[in-house]
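Student: Positions in the sequence shown are counted from 1; adding 41 to them yields our numbering.
Yeah, the Cβ is synthetic: ideal placement off N, Cα and C, and Gly gets one too.
Since this is a predicted model, take the numbers as computed values, not measurements.
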Amino acid sequence: QQRDNMLWSSVLWAVLAGLCLAQGYKLSEEEKKTIVDLHNQMRSMVIPSASNMRGMSWGQDLETVATQYAAQCVWEHNLDIQSVFGENLYVGTGSFNVSKAVWRWFQEREDYTYSTNKCRTLKMCGHYTQLVWAESSRVGCGTHLCDEVKGLGFKGATMLVCNYSPAGNAEGEHPYEVGEPCSSCPEYHSCAGSLCGKDNNSSVGSSHC
């Protein structure tokens, strides 16, 4: 725990130092709300149903880290935060749409089998399992319009990075517990829309440099 706290402090200090110089294309408040709303909607739609699925809210600190990393325009996961936050990546050319990006991640459910907790052969499903990881309760995302995305070769593409806390995709663990919605919510948590949480709304925060 102490190591994770020290690592997070180092990561946050670094990104805060450069954030105002590398914001690029910023997500609007409406786009942030859309991301949270879609996550909560999709988390309530899992099959089989989840008994302990937490509602999600926006994390300003996660947005800060994601925005800084998106500006690097590299198609690989941020190794500096892998023990602290979860992460999903998306790159799209042409007109950027956050709904399309989140939906692409959710579509990976077709390639995931809960009973075996595995992806189909030669398929990816890690974006989906992070999206529906029950214990992840905050999401924060950042975007950048890249001249070129290293590792893919896409030019003039928008990169979206979403970070999650607590991190999901723990090795050997299922993304959630199966059961009646909200039947395994933590103590003092309410239930709304099949999700556990004291506050399941889509409020987001903002900051100014």
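Thinking C-beta only, is V202 closer than 9 Å to V128?
Tutor: At residue 128 the sequence reads Glu, which differs from the Val that was named. Cβ atoms of E128 and V202: closer than 9 Å.
Student: May I ask you to report which of helix, strand or coil DSSP gives E104?
Tutor: helix
Student: On a CA-only basis, which of T75, P222, P216 is nearest R157? Give me that one, please.
Tutor: The displayed chain sequence assigns Thr, not Arg, to residue 157. Nearest of T75, P222, P216 to T157, Cα basis: P216.
Student: Can you say whether Q123 is buried or exposed, counting buried as having 16 or more other CB atoms within 10 angstroms of its CB?
Tutor: Per the 10 Å Cβ criterion, exposed.
Student: Kindly list the residues whose CB is nearer than 7 Å to the CB of T75, restricted to its own chain and excluding five residues on each side of it in sequence; keep chain order.
Tutor: V139, S140
Student: Do L85 and L236 have their C-beta atoms within less than 9 Å of each other?
Tutor: Looking at the sequence itself, residue 85 is Ser, so the reference to Leu does not match. Yes; because the gap between Cβ atoms is below 9 Å, this pair is in contact.
Student: Evaluate the contact criterion for the stretch 176-195 versus the stretch 113-120: three or more CB pairs, one atom per stretch, below 8 Å.
Tutor: A contact is defined here as three or more CB-CB pairs under 8 Å, and the stretch 176-195 meets this definition with respect to the stretch 113-120.
Student: By how many angstroms is the C-alpha of L120 removed from the C-alpha of Y155?
Tutor: 27 Å
Student: Roughly how many whole angstroms lie between the Cα atoms of A233 and R179?
Tutor: 16 Å
Student: Under the three-state reduction of DSSP, which class applies to R161: helix, strand or coil?
Tutor: coil
Student: When DSSP labels each residue in this structure, what does K67 get in the three-state scheme?
Tutor: coil
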